[in-house]
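Protein chains: 2
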Amino acid sequence: MSPILHALEHEQASFSQMERRLAERVLASPGEVIHMGITELAEQCGVSPATVTRFCKVLHFKGFPDFKVKLAAEIAHSDAGPQDGGSSYQDIVAGNPLSLIVEAMQANHLASIRDTTSLLDLERLQSVIALLCNARRVDLYGMATSSIVAQDFYQKLVRIGVNCTAFADSHMQITSASSLAKGDVAFAISYSGETPETIDALGCAKHSGASTISLTSYGSSTLATLADIPLFSSSLEQGMRRGDMASRIAQLHIIDILFTGMVSTRFGDFIPKLEQSYLNVQHYRNKRGGQS
Amino acid sequence: MSPILHALEHEQASFSQMERRLAERVLASPGEVIHMGITELAEQCGVSPATVTRFCKVLHFKGFPDFKVKLAAEIAHSDAGPQDGGSSYQDIVAGNPLSLIVEAMQANHLASIRDTTSLLDLERLQSVIALLCNARRVDLYGMATSSIVAQDFYQKLVRIGVNCTAFADSHMQITSASSLAKGDVAFAISYSGETPETIDALGCAKHSGASTISLTSYGSSTLATLADIPLFSSSLEQGMRRGDMASRIAQLHIIDILFTGMVSTRFGDFIPKLEQSYLNVQHYRNKRGGQS
DNA sequence: CGTATATAAGAAAATTATTTTCATGATTAG
DNA sequence: CTAATCATGAAAATAATTTTCTTATATACG
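Same order as they appear, the protein sequences are chains A and B. Straight run, no breaks: the first sequence in the working numbering ends on number 292. Straight run, no breaks: the second sequence in the working numbering ends on number 1292.
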């Protein structure tokens, strides 16, 4: 924890009644305090503005504004929530003030990306990249939240000219899976790894002879077991139903790595296509001059 | 480098004479600026205080003090060096070994979330949450990558029973925007803030009397200026076309905060709906026993 | 037990900082 | 060449902060 907050916590002994109130308020949500005026903070603590100024002086700041700026700098350093470098997940519950939600969300997402990265198996990633680069056709499967991830990957792959589909409709997924063959790739995404529609689609693809890849939250699951190469994003503690928020970020993180890996291995091929797709969007947009 | 400094450096084109002087002074030693008063900074740049305030507003801060606090938070980040904990963005180039790509991607995504969080304005977020909670109808606009973000938000809002649409088709976006009215909310997402289709849709919605919200990468943009309440994700260095990867993660981070904020403020309303939507998916899935 | 003194804290005044409004000159489009 | 827009500074208005002055309370000492 930063020196200022640390001091506020451990030097309470030397504070007076009112000063203690201030210290507590600041500790409770420093992120809010830095956006407050002196009057606002004073009111929230049932204290006069003069007391706030004095308090800042006691802490050896030049005044309240000085305190705010220094505090802002400090809380920026530490990842919200538990100390930096750690990676524990925060639960998010009812009626929390927004500042807490923001802190918790940041902690969760950062932890999620860190954990996912450390779970990564480079060799496996490399194989997946190779498969995707050489695939005749790529099918992406995912329902609900995972279909968002699938769509995202789809957009990227299309831009580098990979022949690829990402149906949101589970019937179409199966239909498409049926028509895959050896040399094609099926890529299934699911938080739980137990989504029946996605499992069916990947199973069908495997049966058709395609190479199968799964992307699920860490832990054994039907989908991961089924896939030739399973990839994992970090899973959250506890039964947070809303855990899929961090999980989706982690899955996109992996998608980004895969995509960048693909572009990097076949730079000469893919970069021109990327550029071209970008330029063409611009071109046709300008051509019609803003009206559709 | 932090998004604010980055913007100061790269948006000089859009600044006026005096604004450029200010930008340069801030870039020269941001650490000094955060301890200055508005008058002092103005004098050092041979500029009037009024110009400084205006400059801060152009950058979408609430005023000079707000600018100082946000800047303080950011420069605290950036002197932490490139290893984790710091937040400099890594470029991703050809033929990099996978391990480097993974490291760079992690650094980018972590930095992006951190920077975005420090740019966040809690008051604004709160207003947006309030608007969304009380909206009769919510329209989400976004093209390409941003449509993925819009879709993601859409899925979440639907689950808590918010009346909401997220057309990917720009004609439909306009059509829908035309039928909005006071009390409705239009929420436009764009990395650059200059996507014509998205600007048109938001403009149309505004004209119809809806409250307008934008989510763009940090910096002044047409879309952000147009919106009643602009929200920002952090922007990346240099011309990385592929900067939209980190940006999308950051935007989803904000979406998650908004959504969680909504659920938290109207816990009693929304949680049962969330639970119900979850249970119903399970129920109907089990009912048909895996076959469709 | 009472008085003097120190201390904490607020009220109000003074100061300082910031923002807004208004006026002016420059620049651009017609 | 004129009108309109824009950038800018001066000054007024507002808001924030700090200082000063006052009061109440507690503590030590006679």
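Idealized CB from N, CA, C, for every residue including glycine. The model shown is predicted, which means the values in this text are computed figures rather than measured ones.
What separation, rounded to the nearest whole angstrom, lies between the Cα atoms of residue i and residue j?
| i | j | result |
| --- | --- | --- |
| Ser16(A) | Arg1136(B) | 50 Å |
| His1060(B) | Ser1220(B) | 7 Å |
| Ser1002(B) | Glu40(A) | 29 Å |
| Met1143(B) | Arg159(A) | 14 Å |
| Arg1114(B) | Ile1129(B) | 21 Å |
| Lys156(A) | Ser264(A) | 14 Å |
| Leu1120(B) | Tyr154(A) | 30 Å |
| Gly1046(B) | Ile38(A) | 30 Å |
| Ser1147(B) | Lys1182(B) | 24 Å |
| Ala1104(B) | Pro272(A) | 22 Å |
| Ile1189(B) | Lys70(A) | 33 Å |
| Gln1012(B) | Ala1166(B) | 35 Å |
| Gln173(A) | Cys164(A) | 12 Å |
| Leu1225(B) | Tyr1284(B) | Residue 1225(B) is actually Thr in this sequence, not Leu. Distance between the alpha carbons of Thr1225(B) and Tyr1284(B) is about 46 Å. |
| Gly1031(B) | Leu231(A) | 44 Å |
| Leu1008(B) | Leu1180(B) | 36 Å |
| Asp1152(B) | Ala1042(B) | 44 Å |
| Gly268(A) | Gln276(A) | 13 Å |
| Ala1080(B) | Leu1110(B) | Bear in mind that a pLDDT of 45 at Ala1080(B), under 50, signals an unreliable position, so the number given afterwards is only what the model happens to contain. Looking at the two C-alpha atoms, the distance is approximately 13 Å. |
| Cys1204(B) | Val1185(B) | 12 Å |
| Gly1261(B) | Tyr1191(B) | 23 Å |
| Ile1034(B) | Ala1072(B) | 6 Å |
| Asp244(A) | Gln251(A) | 10 Å |
| Ala201(A) | Val1026(B) | 56 Å |
| Phe259(A) | Met18(A) | 56 Å |
| Ser74(A) | Asn108(A) | The sequence shown places Glu at residue 74(A), not Ser. Taking the straight line joining both Cα atoms gives about 20 Å. |
| Val58(A) | Leu5(A) | 14 Å |
| Arg266(A) | His1171(B) | 36 Å |
| Ser87(A) | Val149(A) | Residue placement at Ser87(A) is flagged as unreliable, the pLDDT there being 47, under the threshold of 50; a coordinate-derived value is accordingly withheld. |
| His1010(B) | Val281(A) | 23 Å |
| Pro1065(B) | Ser1235(B) | 22 Å |
| Val162(A) | Phe1055(B) | 46 Å |
| Leu1274(B) | Ala1168(B) | 25 Å |
| Lys206(A) | Asn134(A) | 17 Å |
| Met1036(B) | Arg1020(B) | 18 Å |
| Ser1127(B) | Phe270(A) | 43 Å |
| Ser48(A) | Tyr218(A) | 53 Å |
What first and last residue would you give for the alpha helix (DSSP H) that runs through residue i?
| i | result |
| --- | --- |
| Val263(A) | Asp244 to Thr265 |
| Val1033(B) | Pro1030 to Val1033 |
| His6(A) | Pro3 to His10 |
| Asp152(A) | Ala144 to Arg159 |
| His1109(B) | Leu1098 to Leu1119 |
| Met36(A) | Element bounds for Met36(A): n/a, residue is neither H nor E. |
| Lys62(A) | It is not in any alpha helix (DSSP H) - Lys62(A) carries neither H nor E in the DSSP assignment. |
| Ala13(A) | Neither: Ala13(A) is in no alpha helix (DSSP H) and is coded neither H nor E. |
| Ala1227(B) | Taken as a continuous stretch (DSSP letters only), Ala1227(B) belongs to no alpha helix (DSSP H), as it is neither H nor E. |
| Thr1175(B) | Ser1170 to Ser1178 |
So, residue i versus residue j, is the Cβ gap smaller than 8 Å?
| i | j | result |
| --- | --- | --- |
| Asp228(A) | Thr216(A) | no |
| Ile1254(B) | Ser1233(B) | yes |
| Val102(A) | Ile1257(B) | yes |
| Ala1177(B) | Ser1214(B) | no |
| Ser112(A) | Ala210(A) | no |
| Leu1098(B) | Leu122(A) | yes |
| Leu1140(B) | Phe1187(B) | yes |
| Leu1223(B) | Glu1194(B) | yes |
| Gly1063(B) | Thr1051(B) | no |
| Leu106(A) | Thr1117(B) | The sequence given here has Gln at residue 106(A), not Leu. Yes, they are a contact pair. |
| Ala23(A) | Ala1076(B) | no |
| Ser29(A) | Leu100(A) | yes |
Tell me, which residues are paired with residue i by DSSP?
| i | result |
| --- | --- |
| Thr216(A) | Ser190(A) and Phe232(A) |
| Cys164(A) | Val138(A) |
| Ser1211(B) | Val1185(B) |
For the beta strand (DSSP E) holding residue i, just list the boundary residues, first then last.
| i | result |
| --- | --- |
| Val293(A) | For residue 293(A) there is no data in the structure shown, the boundaries of chain A being 1 and 292. |
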